[in-house]
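Chains as they are written, first to last, in the working numbering: chain A, 847 to 1624; chain B, 242 to 393. For each residue, glycine too, the CB sits at the ideal point set by N, CA and C. Computed from a predicted model, the values in this text were never measured in an experiment.
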Amino acid sequence: MNDKIRLATAAELSSDALSTDAKAASGAAHGAAHDPSRRRLLQAGAGLALAVYFAPLSADNARPRKLAASKATADSTAVFEPNAFIRIDADGGVSVIAKHLEMGQGVYTGLATLVAEELDADWSQVRVIGAPADAKRYGNAAFGGLQGTGGSTAMASSYTQMRQAGATARAMLVAAAAQQWQVPADRITVSNGRVHHVSAERSAHFGELAALAAQQPVPTNVQLKEPAQFKLIGKQQLARKDSSAKTDGSAQFTQDVQLPGMLVAVLAHPPRFGATVAKFDAAAAKAIPGVVDVVAVPGQRGVFQGGVAVLARNTWSAIRGRQVLNVDWDESQAFKSGSDALLTQYRALAQQPGSVAHDSGDHAKAFASATKTLEAQYEVPFLAHASMEPLNCVVKLGDGVCEIWNGEQFQTIDQQLVAAQLGLKPEQVTLNQLYAGGSFGRRANPKSDYLLEATATAQAAQKAGHSVPVKMVWTREDDTRGGYYRPANLHALKAAIDAQGNVSAWWQRIVGQSIMQGGPMAAMVQNGIDPTSVEGAADLPYAVPSLHVELHSPELAVPVQWLRSVGHTHTAFSTEVFIDEIAVATGKDAYELRRSLLAQQPRHLAVLELAATKAGWSKPLAKAAAGERRGRGIGVHKSFESYVANVVEVTVKPDGSFKVDRVVCAVDCGVAINPDVIRAQMEGGIGYGLWIALHGGLTFKDGAVEQSNFHDYRPLRINEMPAVEVHIVPSAEPPTGVGEPGTPVVAPALVNALYAATGQRLRVLPIDSTALREVRAA
Amino acid sequence: MTSLNVNGQPLTVDVPDDMPLLWALRDGAGMTGTKFGCGIAQCGACTVHLDGKPVRSCVMPVSAAKGKAVTTIEGMAKDKVGHAVQTAWRKLDVVQCGYCQSGQIMSATALLKEKHKPTDADIDQAMSGNVCRCATYVRIRAAIHAAAASLV
């Protein structure tokens, strides 16, 4: 369905709190409160700490209720709203209200699949609308009931909930048909959006029964399908629900929001973290046609930077105004260090004992009796997420209300923090959900940094007499230099090898900023350990007699945050390269060594074997052309309860430059709900991981970020993208996420492939290919 | 006032002459399908056609488009090749976040008008100016081949 239509309808159906002048309002369902019968807390990282820190929210105090047809607004065609997630129109159209942000990961399609499966809906008649902020109805069970998207939890936490929503609606439609046709309910079937009497004498589409269905009692106990009965889940390539709108230009992103009277704000941000505005001269900026005003936006130390905002009638004028703005910065409290100094500091810390994250076996004894000891140090830099859509946010302040348009990833927290800044109650802040042009974690900021900056900008504009909606736009340069990076990390590893050539101890010391410490989720840090700093290392899957993992979390003024696959972005790199180094040192095949150490880890083993088999690991790699060297590397890693293995093939030229030819990927994410979305997420995750391996690197000099835009903060481009094959392990385990787990494995597998091709072991990302130059004997 | 021809229709925008075509389209005309990604012609999200050739509208002043035919993503449904590209994109579910895809489709359409049967190498060369941070590149390649096949 065309997205323009979708949005227009959503606006018509939206609640009273939504303004009617929004071109791009999201759906605020009138839907009844829903009681998620299952509130399981997944081991999804942030969930528990979020629930601890933020005000407790009840997600179970409201029973399902039906909405009478008259409740729908006059111009709405929705006549049946069995719960918060489903609306059925008179024409039989089914709207699924998505509680999660669609940022590319396919969640709109996934949630709709679950509903449509149990509802037996016609896929072509199902559309998806972004939910408003309302934790009671749309909370994420994996986040302790807070509404938000992250940790690859969306499908896992929705699998039963959305199917129950669909099954409930189906039962009510069946009850309506039974009443209308005066036949027993067990003589009625549903398929493809139509309700049939089994004798086939009567049938009706959902819309024809919707009004009567709305009068039926809401069943409290619905039967879900057995997997063998699935028609959609795992069965078909269902067309993505966002494909049409994203291929004709009609999909609405925050950047596309236009409101009457709206001003665009582009801010001059401090050149260094921690600097503040001393004074500014706005004369030149104000002389730019289209510039309306220039206002100071006070920042909040450790939260958002603020600066000086140029308010203009259009984006270009605001950008031009900022170019000629003269700002003097007070840098007395600013971050002044550089990447080289940080690396020196981190290397020194790696020599000092840290907090112990894991300790099993007797590593001291193992090292004392080792016949061979292996040591290696791995380094990864800061990373800015660099989504295609630079950060932005639209804020409209009203009398005792605030309305925001945003690709919303952390609704409950954003609502609370924006409300606190404005002195409002959370429910007075309306969040309109839009598509996000990527996020990779950035739009879920636990401090709501960019929303608060946009809000502060709107407040400053209002104070200067501009009581109009404000669209804050970060340019690419702001997005690159604006902070909340994946922290730089240094990992020091040691292995003890015994007389039989087996690993007797694995020792690892990690140095890197905590993404939780000092922030609203600091409660997650226990005994000096931020679990997201050591995930994937402290739970090393390999059967080693002793595992010892330590952590240093130095505190810096550089704001840091999770990035797609979080700690696994660096722990998978160090552990999966180090195991390769162990294989080389002990004369074992990299695949066979992993197999033997994963004998007790069946799901790791299954993806490893599947990837190796499909890649033809046992057969020699096709020969290189004259002068070129080829190699193959492997890696396996679990993250967010999903298991991924990659085999990477490379060709290296004499000058060290190389091409990644092929990546074979195997994934086990439990029940494969949408196999094609899973394949897409693996392809994309591998591309993101390849970017991390090849180009991703943000550096500081005298406290300033050295990169600014795609010319010096290079993205992965199509000519660098290998062929990717994805193989999905058939599974009946509960579904787990796929948005993140595709990312971590490719970098180590690539480095291992480069070693196989060249004999050069690379331990620093991004890869410096000059080390791979062919050395010819004189 | 600048008079343009966009997707075959006359369009007048009240913007300064030095405003990039991107912002004239987006903020001046409310045509938001063309995207802002970098502002320095490094990502291709802003790609439109000028007299059939792909250009980066973020660095092209609107004055340079006077008297020429501007084609944007909003005009692709009526373009034979553009429509074939859109159809292939949908069939293969290329999109993820979708923000870059207007530009990808504009570049892919321009390529297919130049080369009816591009090789992977042709595609990599023609499309390397279009960044996709979701890395949908595998499917972009496949969709361009599929669109080419559908136009035979």
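Shorter than 9 Å from the beta carbon of aspartate 365(B) to some beta carbon of chain A? Yes, contact with chain A.
Enumerate, from N- to C-terminal direction, the unbroken beta strand (DSSP E) stretches of 3 or more residues contained entirely within the stretch 985-1069 of chain A. Residue ranges of uninterrupted beta strand (DSSP E) with 3 or more members, entirely inside the stretch 985-1069 of chain A and ordered along the chain, are 1034-1037, 1040-1043 and 1049-1051.
Whole-angstrom distance between arginine 1327(A) and leucine 1268(A), CA atom to CA atom: Cα to Cα, leucine 1268(A) sits roughly 27 Å from arginine 1327(A).
Taking aspartate 1344(A) as the reference, which of Val1202(A), Gly1120(A), Ala1124(A) and Ala1214(A) has the closest Cα? Between aspartate 1344(A) and the set Val1202(A), Gly1120(A), Ala1124(A) and Ala1214(A), the nearest pair of CA atoms involves Ala1214(A).
From the DSSP output, in three-state form, read off aspartate 365(B) for me. DSSP places aspartate 365(B) in helix when its eight states are reduced to three.
Limits of the unbroken beta strand (DSSP E) element including phenylalanine 1213(A): Counted as a single uninterrupted DSSP element, the stretch harbouring phenylalanine 1213(A) is not any beta strand (DSSP E) but the alpha helix (DSSP H) occupying residues 1209-1214.
I'd like the span of the alpha helix (DSSP H) that includes methionine 1318(A), first residue to last. That residue, methionine 1318(A), is in no alpha helix (DSSP H); its beta strand (DSSP E) goes 1316-1319.
Taking the alpha helix (DSSP H) that asparagine 929(A) belongs to, which residues open and close that run? Run containing asparagine 929(A): none in the alpha helix (DSSP H); it sits in the beta strand (DSSP E), 924-929.
Say whether the stretch 1237-1255 of chain A touches the stretch 1057-1073 of chain A, bearing in mind that this needs 3 or more beta-carbon pairs closer than 8 Å, one atom from each stretch. With a cut-off of 8 Å on Cβ pairs, the stretch 1237-1255 of chain A is not in contact with the stretch 1057-1073 of chain A, counting fewer than three such pairs.
Local Cβ density within 10 Å of methionine 242(B), reported as buried at 16 or more and exposed below that: Classification for methionine 242(B): exposed.
Please go through the same chain and pick out, in chain order, the residues whose beta-carbon is closer than 8 Å to the beta-carbon of serine 304(B), but skip the five residues on each side of it. Closer than 8 Å at the Cβ level, and outside the excluded window around serine 304(B), lie Thr243, Asp258 and Asp259.
Between which two residues does the beta strand (DSSP E) carrying proline 295(B) extend? Unbroken beta strand (DSSP E) run through proline 295(B): 294-297.
Touching by the beta-carbon criterion (3+ pairs, under 8 Å), the stretch 1178-1189 of chain A and the stretch 1129-1144 of chain A: In this structure the stretch 1178-1189 of chain A does not lie against the stretch 1129-1144 of chain A, because fewer than three pairs of beta carbons, one per stretch, are closer than 8 Å.
Please name the residues in the stretch 1560-1587 of chain A whose beta-carbon is closer than 8 Å to at least one beta-carbon of chain B, in chain order. From the stretch 1560-1587 of chain A, only Pro1561, Leu1562, Arg1563, Ile1564, Asn1565, Met1567, Ala1569 and Val1570 have a Cβ closer than 8 Å to chain B.
Span of the beta strand (DSSP E) around arginine 1475(A): Per DSSP, the continuous beta strand (DSSP E) segment holding arginine 1475(A) begins and ends at 1475-1485.
Could you check which residue in Glu1323(A), Gly1462(A), Ser970(A) and Leu1562(A) has the C-alpha nearest to that of tyrosine 1534(A)? The candidate whose alpha carbon is nearest that of tyrosine 1534(A) is Leu1562(A).
Glycine 278(B) CB to nearest chain A CB: under 9 Å? Closer than 9 Å: yes.
Indicate whether at least one CB of chain B lies closer than 9 Å to the CB of tryptophan 1162(A). Yes, contact with chain B.
Cross-strand partners of cysteine 1511(A) (DSSP beta bridge): Here cysteine 1511(A) is bridged, per DSSP, to Asn1492(A) and Val1572(A).
Measure the beta-carbon distance from glutamate 1440(A) to threonine 1604(A) and round it to whole angstroms, keeping in mind my assumption that it falls under 8 Å. Residue 1440(A) is actually arginine in this sequence, not glutamate. At roughly 21 Å, the Cβ-Cβ gap does not stay under 8 Å, so arginine 1440(A) and threonine 1604(A) are not in contact.
Check whether the stretch 1364-1382 of chain A touches the stretch 1218-1232 of chain A, taking contact to mean three or more Cβ pairs, one atom from each stretch, closer than 8 Å. Fewer than three pairs of CB atoms, one per stretch, sit closer than 8 Å, so the stretch 1364-1382 of chain A makes no contact with the stretch 1218-1232 of chain A.
So the alpha helix (DSSP H) leucine 1268(A) belongs to, where does it begin and stop? Here the alpha helix (DSSP H) through leucine 1268(A) covers 1257-1268.
Evaluate serine 1360(A) with the Cβ neighbour count: other Cβ atoms within 10 Å of its Cβ, from every protein chain shown; 16 or more gives buried, anything less gives exposed. Result: buried.
Which partner residues of leucine 1277(A) appear in the DSSP bridge assignment? According to the DSSP secondary-structure assignment, leucine 1277(A) is paired through a beta bridge with Ile1250(A).
According to a CB-to-CB cut-off of less than 7 Å, which residues of the stretch 1544-1558 of chain A neighbour chain B? Answer in chain order: Asn1555, Phe1556 and His1557.
In chain order, what residues of the same chain have a beta carbon less than 6 Å from the beta carbon of serine 1037(A), not counting five sequence neighbours either side? Leaving aside the five residues that flank serine 1037(A) on each side, the residues in its chain whose CB is nearer than 6 Å to its CB run, in chain order, Asp966.
Starting from the beta carbon of serine 343(B), find every residue of chain A whose beta carbon is closer than 7 Å, and list them in chain order. Think of a sphere of 7 Å around the beta carbon of serine 343(B): the chain A residues whose beta carbon falls inside it are Gly1095, in chain order.
Return the chain-ordered list of same chain residues with a C-beta closer than 7 Å to the C-beta of lysine 1499(A), the five sequence neighbours on each side being excluded. Around lysine 1499(A): Glu1474.
Quick check on DSSP: helix, strand or coil for aspartate 1176(A)? Residue state for aspartate 1176(A) is assigned as strand, using DSSP reduced to three classes.
Just mark alanine 1472(A) as buried or exposed, buried being the case when its beta carbon has 16 or more other beta carbons within 10 Å. With fewer than 16 Cβ atoms within 10 Å of its Cβ, alanine 1472(A) is classed as exposed.
Of the residues Leu252(B), Ser343(B) and Arg297(B), the one placed nearest serine 1089(A), counting alpha carbons only: Ranking the options by Cα distance to serine 1089(A), first place goes to Ser343(B).
Going by DSSP, what residue range makes up the alpha helix (DSSP H) through lysine 354(B)? Here the alpha helix (DSSP H) through lysine 354(B) covers 342-355.
How far does the alpha helix (DSSP H) with lysine 321(B) in it reach, from first residue to last? Start and end: 321-332.
Quick check on aspartate 1176(A): buried or exposed, where buried means 16 or more other Cβ atoms within 10 Å of its Cβ? The residue in question, aspartate 1176(A), is exposed, as its Cβ has fewer than 16 Cβ neighbours within 10 Å.
With a cut-off of 8 Å, do at least 3 Cβ pairs link the stretch 1259-1277 of chain A to the stretch 1349-1365 of chain A? Taking 8 Å as the limit for Cβ pairs, the verdict is that the stretch 1349-1365 of chain A does not touch the stretch 1259-1277 of chain A.
Using a 10 Å radius around the Cβ and a threshold of 16 neighbouring Cβ atoms, would you call glutamine 1346(A) buried or exposed? By the neighbour-count rule (16 or more Cβ atoms within 10 Å), glutamine 1346(A) is not buried but exposed.
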